[in-house]
Amino acid sequence: MEISELDDTFIIEFDMKFVKPFPLCYIAHGIKEFIAMTRKRKPDITFQVRYKPGQNGFSYASNMGFFKFISKFLDLGKMPGELLGSQNYLPIKLENFITKKKEKGIFLADGEVAEIIAEELSTVLIHDNEDLKYLYNYVLRELIRNIPEHSNCDMVGYAAQYWPRLKLSEICVFDEGCGIYDSLKSNSIHTEYIEANINALEYALAPGISERFAPGEKNHDRSEWANSGYGLYFISEICRILKGSLLIVSGENYIYQKANGKRMYGEAYYKGTIVRISLPSIEAFNVDSMLYHIREEAEIIAKSFDNTYHNASKSSSIVKVKCLL
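Residue numbers (the working numbering): 61 to 385.
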């Protein structure tokens with residue numbers, strides 16, 4: 061998109077009939093970045109928004125904090141996190157790990173902060189199903205704790221929606237950090253086989269791949285929050301087993317895992333990493349048993365490679381970490 065030297069106004073037009081959390085977060089991030097880049101070249105340029113206020117999607121986006129996530133100066137809708145949400149939705153919200161630690165306990169580990177945030181989020185989407193609550197808590201915790209550990213970013217963003225008629229949930233978690241490629245490439249051990257961004261995304265979904273890995277060394281961090289590189293693998297397997305879907309966009313590529321477990325690869329762009337998980341509301345299943353079997357298979361796979369941690373950490377393979385304390 062080119063901005064002429066003569067342009068002094070840029071108009072963004074929205075047609076919003078039906079929208080979901082992931083496209084709201086993804087598009088808002090892109091527009092926000094575009095505005096920032098444009099204003100570096102033309103500080104005096106103004107941006108205007110055109111929309112059809114009668115559309116359901118516009119009202120939904122306004123309440124989700126979409127427009128003010130793009131820019132707090134847009135006089136449309138709520139600020140991210142201004143609404144608390146309900147049992148069916150969580151509006152776009154930004155959480156800062158440093159601020160959260162000051163609020164909950166300055167000496168908390170990042171994983172403990174992720175557990176607190178995940179607990180707050182999972183209670184909104186449980187629908188009186190304890191197994192589902194534990195599942196959401198686990199998935200959210202693993203996604204959120206990845207951010208301070210790997211992205212060089214203290215800010216996490218999220219949004220979610222549950223559609224009762226479809227019995228389907230969509231969870232979106234994102235950051236504006238360094239991205240998966242730069243994170244893994246920061247460890248010289250991974251440089252030799254990660255040639256491109258798409259390779260980094262593939263390896264991030266494999267068990268035991270971590271930027272913290274060192275050859276010939278075990279994971280000496282014995283805490284519940286040790287980084288072992290299993291979180292995304294566990295999440296991808298949960299989606300496959302429960303016939304949900306997983307989408308990861310980082311840098312200039314995406315990986316989309318369909319409900320049947322097959323993966324599609326393509327080009328996209330996101331400065332940082334954004335993950336979308338879609339899960340059906342399963343009536344009865346045992347989360348602990350599922351994670352146990354996933355861990356068994358994951359560690360078998362990991363032990364066939366030399367550049368992986370061969371054992372998953374406690375937090376990556378159990379639902380409620382605090383029960384271990």
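All C-beta atoms, glycine included, are put in the ideal place defined by N, C-alpha and C.
Residues of its chain near residue i, where Cβ-Cβ distance is below 7 Å and the 5 sequence neighbours each way are ignored
i: Leu261; result: Ile240, Ile308, Ser310, Asn313 and Ile315
i: Cys85; result: Ile152, Gly217, Ala219, Cys232, Phe234 and Ile334
Residue i in three-state terms, based on DSSP
i: Val233; result: strand
i: Asn313; result: strand
i: Phe107; result: strand
i: Glu277; result: Note that Glu277 has pLDDT 49, beneath the 50 cutoff, so the model's placement of it is unreliable and no number is given.
i: Pro151; result: strand
i: Pro208; result: helix
i: Ala96; result: helix
i: Arg300; result: helix
i: Arg323; result: strand
i: Lys162; result: helix
i: Lys331; result: strand
i: Val173; result: helix
i: Gly141; result: coil
i: Glu255; result: coil
i: Val79; result: coil
i: Ile308; result: strand
Cβ separation of residue i and residue j, assumed to be a contact under 8 Å, to the nearest whole Å
i: Ser393; j: Lys138; result: Look at the range of the chain in this structure, 61 to 385, and you will see that residue 393 is not part of it.
i: Glu230; j: Ser338; result: 5 Å
i: Ser182; j: Leu203; result: That pair is no contact at about 12 Å.
i: Met350; j: Ile298; result: 7 Å
Proximity of residue i and residue j at Cβ, strictly below 7 Å
i: Arg162; j: Leu168; result: Residue 162 is actually Lys in this sequence, not Arg. Result no, Cβ atoms of Lys162 and Leu168 do not sit closer than 7 Å.
i: Asn197; j: Ala219; result: no
i: Leu154; j: Gly217; result: yes
i: Gly125; j: Ile166; result: no
i: Lys227; j: Pro340; result: yes
i: Asn148; j: Tyr222; result: yes
i: Val347; j: Val233; result: no
i: Lys318; j: Ser305; result: yes
i: Ile342; j: Leu302; result: yes
i: Pro224; j: Ala362; result: no
i: Ile176; j: Lys164; result: yes
Contacts around residue i, its chain only, beta-carbon distance under 6 Å, and the 5 residues preceding and following it disregarded
i: Ala174; result: Arg201, Ile204 and Arg205
i: Arg101; result: none
i: Phe129; result: Ala88, Pro140 and Ile152
Cβ-based neighbour list, residue i, same chain, cut-off 8 Å, excluding 5 preceding and 5 following
i: Ile72; result: Ile91, Phe107, Gln108, Val109 and Arg110
i: Phe118; result: Phe74, Met76, Tyr111 and Lys112
i: Glu357; result: Glu297
The ligand FMN heavy atom lying under 6 Å from the CB of residue i
i: Met76; result: By its list of ligands, the structure shown contains no ligand whatsoever, and the ligand FMN lies outside what it can speak to.
Evaluate the contact criterion for the stretch 235-253 versus the stretch 206-215: three or more CB pairs, one atom per stretch, below 8 Å. yes
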